[in-house]
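Participant:
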Amino acid sequence: SREDQPNTDIITLTRHVLSEQYKLGAAATGDLTLLLTAIQTTSKFIATNVRKARLINLVGLAGETNVQGEEQKKLDVLSNDIMINSLRASGKTAVLVSEELEDAVIIEGRYKGKYCVVFDPLDGSSNIDAGVNIGTIFGVYHIAPGSDGNISDVLRPGSEMVAAGYTMYGSSANLVLSTGNGVNGYTLDAALGEFILTHPNIKIPPRGKIYSFNEGNSMYFHPPVVSYLNSIKYPPAGKAPYSARYIGSMVADVHRTLLYGGIFGYPDDKKSKSGKLRLLYEAFPMAFLTEQAGGLATTGTKRILDIVPTNIHERCPVFLGSKDDVLDLIRFYKEAN
Ligand code: AHG
Ligand code: MN
Ligand code: MN
Ligand code: MN
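In my numbering, the protein residues as written are 13 to 349.
This is the structure we're talking about:
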């Protein structure tokens, strides 16, 4: 294809995932592709509601509190309902875990499938009313061999996920996905209603120039985090300090980190003993993507993807991004012990 001509051979997400599945040969049943099609549909549906939110009275609070003690926004509840309905109807799921639902949903009967999906239906709720980027995060497990599909199928280390991704609702809707063979980014062509491959084989630069923390929590931070942040803000003579970028939507902060490099962190601290971000549907999928893009994801002392969850809503400290930046942070934790 010529560079100066319109592209007539676009690669849709479905086409791309199918071609990846073909490479696996007989092992692939197409079920994962169908599940990912359902997830794509939810992202398109949520994206269109996000675009219209201000116009159709979809901003503001829903009036209920979720299991984390957060006041739910209308879009949190709507996005959750969209995902539960679509994932159940796909016929490919057995267990669903959502930030907005206290208990896991176990699919029974004729709709039951072999995959489990853990998700944050709407990430960055505090940014909705200002029109700032928000997103959806998801992780996918295959039920364990011999399992009938129950809670134990999602209380497994993130390294056992078969796919993970997010969709960012920004100036365009971007879906970033890994099925365990690298990371690819797709942009929604709203006229076609298709996600088109626009960011093939995303690799995080080995070192970045940006740090992304909520420094408003500095007075609660533990010493290794304080020392690390000081080291990048007050570097040795001749080196430039890092730039700060913090949106407050994990999807947007991680998206930028994947593309530009640097480090994103939400530490545990004196106030939040396990940090803020949730292991299953925030930390695991983002750690999976980060590692697949060549970066690192740690709690400061251990690899996030190795954690074995005991509770579907548990939290964990998160530091992820460029390999060399995360290694620097880990060094501060080692020196502190
Ligand atoms: P959610 O909107 O799904 O509850 O997630 C909010 C998370 C995450 O998006 C972000 O990284 C973090 O909370 C921001 O927290 P602070 O406002 O404490 O910085
Ligand atoms: Mn929330
Ligand atoms: Mn979130
Ligand atoms: Mn959320």
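Glycine included, C-beta positions come from ideal geometry on N, C-alpha and C.
1) Based on the DSSP secondary-structure assignment, which residues constitute the bridge partners of residue 180?
2) Nearest by alpha-carbon distance to residue 291: which of 109, 59, 223 is it?
3) Kindly confirm or deny that the region 161–168 and the region 139–149 touch, where touching means at least three C-beta pairs closer than 8 Å.
4) Pull up the DSSP beta-bridge partners for residue 222, would you.
5) Return yes when the C-beta of residue 286 is under 6 Å from any heavy atom of ligand 6, and no when it is not.
6) So, is residue 122 buried or exposed, given that buried needs 16 or more other C-beta atoms within 10 angstroms?
7) Tell me, which residues are paired with residue 124 by DSSP?
8) Any heavy atom of ligand 3 closer than 6 Å to the Cβ of residue 112?
9) Less than 7 Å between C-beta atoms, sequence neighbours within five positions excluded: which residues of the same chain meet that for residue 334?
10) Below 8 Å on the Cβ atoms is my contact criterion, and I expect residue 112 with residue 88 to pass it. Report the Cβ-Cβ distance as a whole number of Å.
11) Taking 6 Å as the cut-off, is the beta-carbon of residue 135 closer than that to any non-hydrogen atom of ligand 4?
12) Is residue 294 near ligand 3, in the sense that its beta carbon is under 6 Å from a heavy atom of that ligand?
13) How many angstroms separate the CA atom of residue 55 from the CA atom of residue 46?
14) Quick one, are the C-beta atoms of residue 300 and residue 173 less than 7 Å apart?
15) Between the C-alpha atoms of residue 58 and residue 41, what's the straight-line distance to the nearest angstrom?
16) Cα separation between residue 261 and residue 102?
17) Roughly how many angstroms lie between the CA atoms of residue 97 and residue 90, to the nearest whole one?
Facilitator: In terms of the structure at hand:
1) 147, 186
2) 109
3) no
4) 255
5) With respect to ligand 6, the structure shown offers nothing to examine, as its ligands consist of ligand 1, ligand 2, ligand 3 and ligand 4.
6) exposed
7) 105
8) no
9) 216, 217, 218, 219, 220, 273, 274, 275, 307
10) 6 Å
11) yes
12) yes
13) 14 Å
14) yes
15) 28 Å
16) 28 Å
17) 11 Å
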